[in-house]
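Working notes, beginning with the structure itself.
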Amino acid sequence: MSATAGQAQGERSLAERLGLKPGQVVQEVGWDEDADDDLRDSIEELTGNELVDEDFEDVVDVVLLWWRDGDGDLFDALSGVVTNLSDGGQIWLLTPKAGREGHVEPSDIGEDATTAGLSQTSSISAAPDWSGTRLVTPKARR
């Protein structure tokens, strides 16, 4: 079924479930072979833009951060990507679902996000193997 047919039946695309909008610039950080290509394709289709990589030096509307246990220090990664966000921007932290290799405990996400000055606003099933956690800067800092 095409994305258009799915939308006509009231189904939301993966990118729409993330709250993305046409025209947004999305920076992808932490891509590896296990990243979900359907999610990536859905984002590019909805936004009308290719995903930009970690070397992109302008501000972005959304950071898509693929993160697995063992990738390093999550606090450092979050602190690094928050500097690229436009006012009102958001980070989607994508981690392997429970029971999958590389799963990150929600308590670790909450702790590192708070320490990095971010607020967790929602969590979703972003793809078959990936959970998504939406992180934003508190309104007072925006």
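According to our numbering, the residues represented by the sequence shown are -9 to 132, in order.
For glycine and all other residues, C-beta sits at the position ideal for the given N, C-alpha and C.
Residue i to residue j span [Cα, whole Å]
i, j, result
"residue 117", "residue 46", "25 Å"
"residue 14", "residue 39", "7 Å"
"residue 77", "residue 56", "22 Å"
"residue 43", "residue 37", "15 Å"
"residue 120", "residue 84", "6 Å"
"residue 30", "residue 59", "21 Å"
"residue 96", "residue 74", "24 Å"
"residue 19", "residue 2", "24 Å"
"residue 9", "residue 126", "13 Å"
"residue 28", "residue 67", "24 Å"
"residue 35", "residue 108", "28 Å"
"residue 94", "residue 87", "8 Å"
"residue 69", "residue 106", "6 Å"
"residue 111", "residue 23", "28 Å"
"residue 49", "residue 72", "10 Å"
"residue 98", "residue 12", "32 Å"
Span of the beta strand (DSSP E) around residue i
i, result
"residue 3", "No beta strand (DSSP E) contains residue 3, which DSSP labels as neither H nor E."
"residue 122", "120 to 126"
"residue 19", "16 to 19"
Close Cβ partners of residue i (< 6 Å) along its chain, the five nearest in sequence each way excluded
i, result
"residue 185", "Any answer about residue 185 is impossible in this case: the structure gives the chain only from -9 up to 132."
"residue 122", "82, 84, 114 and 116"
"residue 6", "none"
"residue 54", "16, 18 and 82"
"residue 128", "109"
Neighbourhood of residue i by C-beta distance below 7 Å, restricted to the same chain and skipping five residues each side
i, result
"residue 21", "56"
Close beta carbons around residue i, own chain, < 8 Å, minus the five adjacent residues each side
i, result
"residue 33", "4, 5, 8, 10, 16, 41 and 54"
Any chance you could list the beta strand (DSSP E) runs of at least 3 consecutive residues sitting entirely within the region 37 to 75, in chain order?
-> Restricted to the region 37 to 75, the beta strand (DSSP E) segments that are unbroken, complete and at least 3 residues in length are 50 to 56, listed in chain order.
Count the CB pairs spanning the region 100 to 113 and the region 58 to 78 that are closer than 8 Å, and state whether there are at least three.
-> With the cut-off at 8 Å, the region 100 to 113 and the region 58 to 78 touch.
With a floor of 4 residues, list each alpha helix (DSSP H) that falls wholly inside the region 83 to 113, ordered by position along the chain.
-> Those alpha helix (DSSP H) runs which fall completely within the region 83 to 113 and span 4+ residues are 96 to 105.
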